[in-house]
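Respectively, the protein sequence lines represent chains P and E. UniProt numbering applies: residue 1 is where the first sequence begins, and numbers increase by one. UniProt numbering applies: residue 1 is where the second sequence begins, and numbers increase by one. Data block below; observations after.
2 protein chains.
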Amino acid sequence: MQEFTIDVQQQIAASETPGAEFQALPWTRQRVVFFQLPESVQRDVLDDMDRQEVRRFVRRLDPDDATDVVGLLDEDTQGAVLGQLETDRRERIEFLLKFSPDSAAGMMDLGYVTVDKDQGFEEVARLVRRHEARTGRFPTVFVTDGDEVLGELPGHTLALAGHGSAVITEYLRPAPTVRYEQPDSEVIEVFRANPQSKIVVLDEDDSILGVIYADDLLQAIEEEAGQTLYEFTGVDEQESVLDGAFEKVRRRYKWLIINLGTAFLAAATVGLFEDTIAALTLLAIYMPVVAGMGGNAGTQSMAVTVRGIALEQISLRTGRRAIGNEVLAGAVNGVITGVIVAVIATLFNQSPLLGLVIGIAMVLNLVIAGFFGALVPLVLDRLGYDPATSATIFITTATDVLGFFIFLGLAQVVLL
Amino acid sequence: MQEFTIDVQQQIAASETPGAEFQALPWTRQRVVFFQLPESVQRDVLDDMDRQEVRRFVRRLDPDDATDVVGLLDEDTQGAVLGQLETDRRERIEFLLKFSPDSAAGMMDLGYVTVDKDQGFEEVARLVRRHEARTGRFPTVFVTDGDEVLGELPGHTLALAGHGSAVITEYLRPAPTVRYEQPDSEVIEVFRANPQSKIVVLDEDDSILGVIYADDLLQAIEEEAGQTLYEFTGVDEQESVLDGAFEKVRRRYKWLIINLGTAFLAAATVGLFEDTIAALTLLAIYMPVVAGMGGNAGTQSMAVTVRGIALEQISLRTGRRAIGNEVLAGAVNGVITGVIVAVIATLFNQSPLLGLVIGIAMVLNLVIAGFFGALVPLVLDRLGYDPATSATIFITTATDVLGFFIFLGLAQVVLL
Numbered sequence: 001m002q003e004f005t006i007d008v009q010q011q012i013a014a015s016e017t018p019g020a021e022f023q024a025l026p027w028t029r030q031r032v033v034f035f036q037l038p039e040s041v042q043r044d045v046l047d048d049m050d051r052q053e054v055r056r057f058v059r060r061l062d063p064d065d066a067t068d069v070v071g072l073l074d075e076d077t078q079g080a081v082l083g084q085l086e087t088d089r090r091e092r093i094e095f096l097l098k099f100s101p102d103s104a105a106g107m108m109d110l111g112y113v114t115v116d117k118d119q120g121f122e123e124v125a126r127l128v129r130r131h132e133a134r135t136g137r138f139p140t141v142f143v144t145d146g147d148e149v150l151g152e153l154p155g156h157t158l159a160l161a162g163h164g165s166a167v168i169t170e171y172l173r174p175a176p177t178v179r180y181e182q183p184d185s186e187v188i189e190v191f192r193a194n195p196q197s198k199i200v201v202l203d204e205d206d207s208i209l210g211v212i213y214a215d216d217l218l219q220a221i222e223e224e225a226g227q228t229l230y231e232f233t234g235v236d237e238q239e240s241v242l243d244g245a246f247e248k249v250r251r252r253y254k255w256l257i258i259n260l261g262t263a264f265l266a267a268a269t270v271g272l273f274e275d276t277i278a279a280l281t282l283l284a285i286y287m288p289v290v291a292g293m294g295g296n297a298g299t300q301s302m303a304v305t306v307r308g309i310a311l312e313q314i315s316l317r318t319g320r321r322a323i324g325n326e327v328l329a330g331a332v333n334g335v336i337t338g339v340i341v342a343v344i345a346t347l348f349n350q351s352p353l354l355g356l357v358i359g360i361a362m363v364l365n366l367v368i369a370g371f372f373g374a375l376v377p378l379v380l381d382r383l384g385y386d387p388a389t390s391a392t393i394f395i396t397t398a399t400d401v402l403g404f405f406i407f408l409g410l411a412q413v414v415l416l
Numbered sequence: 001m002q003e004f005t006i007d008v009q010q011q012i013a014a015s016e017t018p019g020a021e022f023q024a025l026p027w028t029r030q031r032v033v034f035f036q037l038p039e040s041v042q043r044d045v046l047d048d049m050d051r052q053e054v055r056r057f058v059r060r061l062d063p064d065d066a067t068d069v070v071g072l073l074d075e076d077t078q079g080a081v082l083g084q085l086e087t088d089r090r091e092r093i094e095f096l097l098k099f100s101p102d103s104a105a106g107m108m109d110l111g112y113v114t115v116d117k118d119q120g121f122e123e124v125a126r127l128v129r130r131h132e133a134r135t136g137r138f139p140t141v142f143v144t145d146g147d148e149v150l151g152e153l154p155g156h157t158l159a160l161a162g163h164g165s166a167v168i169t170e171y172l173r174p175a176p177t178v179r180y181e182q183p184d185s186e187v188i189e190v191f192r193a194n195p196q197s198k199i200v201v202l203d204e205d206d207s208i209l210g211v212i213y214a215d216d217l218l219q220a221i222e223e224e225a226g227q228t229l230y231e232f233t234g235v236d237e238q239e240s241v242l243d244g245a246f247e248k249v250r251r252r253y254k255w256l257i258i259n260l261g262t263a264f265l266a267a268a269t270v271g272l273f274e275d276t277i278a279a280l281t282l283l284a285i286y287m288p289v290v291a292g293m294g295g296n297a298g299t300q301s302m303a304v305t306v307r308g309i310a311l312e313q314i315s316l317r318t319g320r321r322a323i324g325n326e327v328l329a330g331a332v333n334g335v336i337t338g339v340i341v342a343v344i345a346t347l348f349n350q351s352p353l354l355g356l357v358i359g360i361a362m363v364l365n366l367v368i369a370g371f372f373g374a375l376v377p378l379v380l381d382r383l384g385y386d387p388a389t390s391a392t393i394f395i396t397t398a399t400d401v402l403g404f405f406i407f408l409g410l411a412q413v414v415l416l
C-alpha cells in the first residue's frame with residue numbers, strides 16, 4: 001500500500017500524460033492521491049485533462065476540496081468548469097474561492113446548518129434531513145440567538161426529536177470562533193485550546209461563514225510541519241522532491257547567492273590573517289574544525305529556540321534566562337570538545353601552545369554559537385520575521401566570522 | 001492570550017515551587033497549560049505536588065490524558081494515585097498504561113461502545129445512554145459481526161431509535177483499523193487516507209481496544225512536526241527551550257563529538273595539501289567559500305528528499321530520476337555561483353587561473369552536494385534509519401572532504 005502510493009505519485013509526476021495516468025486510478029484513489037501530489041504536479045495533471053474530465057473530478061469532491069482544485073485552474077478553465085456544475089455546488093465553490101487558502105476561510109467547510117435558540121428538535125431534524133438529502137453529509141448544527149452563535153448542538157441529541165418538549169439550549173456544547181481572515185496558525189492555536197470542538201468561522205458581521213473540522217486542520221498542521229526544515233535550508237516551501245531540475249534551480253539559487261555573501265564575509269576575515277597563515281600553514285588545517293563546530297552548535301541552539309517560539313514557550317521579552325542557559329551550555333560543550341581538540345592538536349603537531357589556542361577558540365566559538373543561536377531567532381520573531389528562515393544566515397555569519405577572528409587572532413598573538 | 005500562555009509556562013518552568021504555581025491556575029487553564037509544557041517541566045510540576053493534589057488533577061482528565069500524566073509518575077506515586085481513583089477509571093488507566101505512548105494504543109481513547117449487527121437502534125440507544133451516564137461523553141458506536149468490525153454507526157442515526165425497524169447495517173460508515181502496536185507515523189498515514197473517519201485500534205485477536213479521534217492525532221502530528229529540525233541538528237527530541245544549561249549539555253555533547261570526527265576528516269584533507277597552502281596562502285581564504293556553499297546546497301537537497309520520504313513520494317527504488325535532477329540542479333547552481341566567485345577572485349586577486357580553479361571546484365562541489373544530499377537520506381531510509389538525523393553527518397563529510405580535495409587538488413595541479 002505504501003509502495004503503491006509512492007509508485008503512483010512518481011509515475012504521475014514522471015509521465016508525459018499525467019492526466020491520463022491519474023484518471024486511470026479508481027475514484028477513491030484519485031481523491032487521496034491528488035491531494036498528496038506536490039502542487040506543481042497537481043497543475044500538470046489538471047493541464048493534461050480536458051474540461052469535461054476536470055468537471056467530472058471536481059463534481060465528486062466536497063466543496064472545500066473542490067475549491068482547492070478549481071483554485072489551481074486558469075481563469076478561463078475555471079469559468080468553464082464552474083459553469084457546468086449544478087447551481088448550488090457552483091455557488092458554494094465560488095463563495096469559497098474568494099478566500100485565501102491559508103486563512104480560516106480557506107480551511108472551512110460549508111457542512112453546517114443554523115437554528116434559532118427558540119426552535120425545537122423537530123425543526124432541527126428537518127433542517128438536518130434537508131442538508132443531508134442535498135449534500136449526502138450530516139451537518140454540524142449551530143444554535144444562534146439573532147446573529148450571536150450560542151454553541152453547537154451535538155448530533156446525537158437528534159434522538160430527542162419527537163420525544164416531547166426538550167429545549168435545545170440545554171444541550172449546547174461551546175463552539176469556539178475565529179474570524180474568516182485569521183491565518184492558519186491562529187486557527188491551530190484555537191483548536192489546541194479546544195481540541196474536541198468544531199470551530200465556527202465568522203465574517204465581519206459575526207455571521208457564520210463555515211465550520212472547521214479537526215481533519216481540515218490536520219492538513220494545515222502537516223503542511224506547517226514540513227516547512228521548518230525547508231525554511232531552515234532556504235528551500236521554497238512549494239518545492240517537491242518530484243520537481244524537475246530547473247524548477248529546483250529557480251527555487252534555490254537566490255538563497256545560495258545570499259549564502260555566498262556570508263561565505264565571503266568569512267573569507268574576508270581569514271584574509272585579515274593571510275600573513276599569519278603564511279607563517280604557520282598548520283592553522284589552515286584547523287580552520288574547518290573551528291568553523292564546523294561553531295556552525296553545528298549554533299544550529300542546535302537555534303533549533304531549540306525556534307521550537308520554543310513555535311510552542312509559545314518563549315519570546316524576546318521572557319528569553320533572558322534561556323539565552324543565559326544557551327551561553328552556559330555552549331561554554332561547557334566548548335570545554336568538552338575544546339579539550340579533545342587541544343589534546344589531538346598537541347599530540348599530532350607537538351605544540352601545546354597550538355592546542356591551547358585552538359581549545360580556547362573552541363570554547364569562545366561555542367559561547368558565541370549559543371548566544372547568537374538563541375538571540376537571533378528571538379529578535380527576528382519580535383521584528384515579525386520568520387525565525388526559522390533567516391536565522392541561519394546570521395548565526396552562521398557570526399560563528400564563522402567571529403570564530404575565525406578569534407582562532408587566527410589568538411594564534412597571531414600567542415604563536416607568532 | 002498568547003503572551004499569557006508564554007508567561008505562565010515560563011513562570012512555571014522558572015519557579016522554585018512549580019506545582020503550587022501550576023495549581024494556582026483555574027482548572028480549564030491547567031488542562032491546556034500542562035500538556036503544552038515540556039516533559040521535563042511536567043515532571044517538575046508533578047514532583048512538587050503531593051499525592052492528593054496529583055489525584056485531584058488526574059481524576060478530572062479524560063482517561064487517555066490521565067494516562068499520560070500517570071505515566072510520568074514514579075512507580076510508588078503511580079500506585080498511590082491510582083489506588084484512590086474510582087475502580088472504573090483506575091482500570092481504564094491501568095489498561096492504557098500498558099501501551100507505548102508512541103503507538104496507536106498510546107493515542108487511543110476508550111470512548112466507544114460496540115453493538116452486534118443484529119441488534120436494533122433501541123439497543124444502540126441504551127448502550128450509548130449508559131456510556132454517557134458513566135463518562136459524560138457521547139461514545140463512538142462500532143458495529144461488529146462476531147469479532148469483525150463492520151463499521152461505525154454515525155451518532156445522528158440514533159434519531160432512528162423508536163421509529164420502527166430500521167436495520168443498523170444500512171447506516172454504517174467504514175471504520176479504518178490499525179493494530180495497537182503500530183507507530184504514530186503509520187496511524188497518521190491511515191488517517192491521511194481516511195480524513196473524516198475515526199480509527200479503530202485492534203489487538204492481536206482483532207478485537208477492539210479503543211478509538212482514535214482526529215484531535216488525538218493532532219498532538220502526534222504536532223510532535224512530529226517539531227522533530228525534523230531537532231533530528232537534523234542532533235538535538236534530543238525531549239529537549240525544551242526551558243531546560244537548564246546542564247540538561248542542554250547532556251542532550252547535545254554526543255552529537256558535537258560525532259561532528260568533531262567529521263571536522264577532523266575535513267582537516268585531514270586540508271592537511272594533505274599543507275605544502276600547496278604554504279606556497280599559496282590565498283587558497284586558505286577561499287576554503288570557507290567552497291565548504292560553506294557545498295554544505296548549504298547539500299542541506300537543501302537533503303531537506304527536499306527528507307520531506308519527499310516523509311510524504312512517501314519517493315524511495316530508494318524509485319529515486320533514480322530525483323537524484324538525477326538534484327545532480328543537474330547542483331551543476332546549474334554551481335555554474336551560477338561559480339561564475340560569481342570566479343569573477344570576484346579574478347578581480348580581487350588578479351588571477352584568472354585562481355578564478356577558474358575556484359569556479360570549477362564550486363560546480364563540482366555542488367554536484368557532489370546534490371548527489372549525496374539526495375542519495376544519503378534514501379539509503380538511510382531503506383536501511384531503516386531515520387533520514388533526517390544521520391544524513392547531515394554523511395552529507396557534510398562528503399561536501400567538506402571532497403570539496404577541499406577538489407579545490408586544493410585542482411589548485412596544486414593548475415596553479416603551482
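Note that CB positions come from ideal geometry on N, CA and C, so glycine has one too.
Neighbour flag for residue i against chain P, beta carbons, 8 Å
| i | result |
| --- | --- |
| Gln10/E | yes |
| Asn113/E | In the sequence as presented, Asn is not what sits at residue 113/E; that position holds Val. No, its Cβ sits nowhere closer than 8 Å to a Cβ of chain P. |
| Gln30/E | no |
| Gln300/E | yes |
| Ser40/E | no |
| Pro195/E | yes |
| Gln52/E | no |
| Tyr286/E | yes |
| Leu328/E | yes |
| Ile395/E | no |
Any chain E beta carbon closer than 8 Å to residue i
| i | result |
| --- | --- |
| Gln2/P | Here the model assigns Gln2/P a pLDDT of 42, short of 50, so the residue's position is not dependable, and the following value carries that caveat. Closer than 8 Å: yes. |
| Tyr180/P | no |
| Tyr253/P | yes |
| Gln238/P | no |
| Arg130/P | no |
| Phe138/P | yes |
Coil, strand or helix - residue i by DSSP
| i | result |
| --- | --- |
| Arg137/P | coil |
| Arg173/E | strand |
| Phe142/E | strand |
| Asp243/P | coil |
| Met1/P | Since pLDDT at Met1/P reaches only 37, below the 50 mark, its modelled position is unreliable, and no value is offered. |
| Glu75/E | helix |
| Thr233/P | helix |
For residue j and residue i, the rounded distance between their alpha carbons
| i | j | result |
| --- | --- | --- |
| Val235/E | Lys248/E | 9 Å |
| Phe4/E | Ile314/E | For Phe4/E, the pLDDT reaches just 49, beneath the cut-off of 50, and the residue's location in the model is therefore unreliable, leaving the point undetermined. |
| Val167/E | Gln182/P | 44 Å |
| Arg134/E | Glu86/E | 12 Å |
| Phe264/E | Glu239/E | 28 Å |
| Val339/E | Gly409/E | 20 Å |
| His131/E | Arg92/E | 14 Å |
| Arg137/E | Ile212/E | 15 Å |
| Glu170/E | Val306/E | 44 Å |
| Asp382/P | Arg60/P | The residue you asked about is not Asp; residue 382/P is Arg in the sequence shown. Those two C-alpha atoms are separated by around 45 Å. |
| Pro18/E | Asp44/E | 7 Å |
| Val304/E | Ile395/P | 22 Å |
| Leu366/P | Ile323/P | 13 Å |
TODO: Give the residues from the segment 115 to 126 of chain E that approach chain P closer than 8 Å (Cβ to any Cβ), ordered along the chain.
DONE: Within the segment 115 to 126 of chain E, the residues whose Cβ lies closer than 8 Å to some Cβ of chain P are Ala125, listed in chain order.
Open item on the list: Tell me which residues of the segment 58 to 74 of chain E have at least one Cβ-Cβ distance to chain P shorter than 8 Å, keeping chain order.
Closed with: Residues of the segment 58 to 74 of chain E with a C-beta less than 8 Å from any C-beta of chain P: none at all.
Task: Members of the segment 142 to 156 of chain P near chain E, C-beta cut-off 7 Å - done: Hits within the stretch, in order: Pro154, Gly155, His156.
Open item on the list: Against chain P, which members of the segment 362 to 378 of chain E pass a CB distance test of less than 7 Å?
Closed with: Look at the segment 362 to 378 of chain E: it has no residue with a C-beta under 7 Å from a C-beta of chain P.
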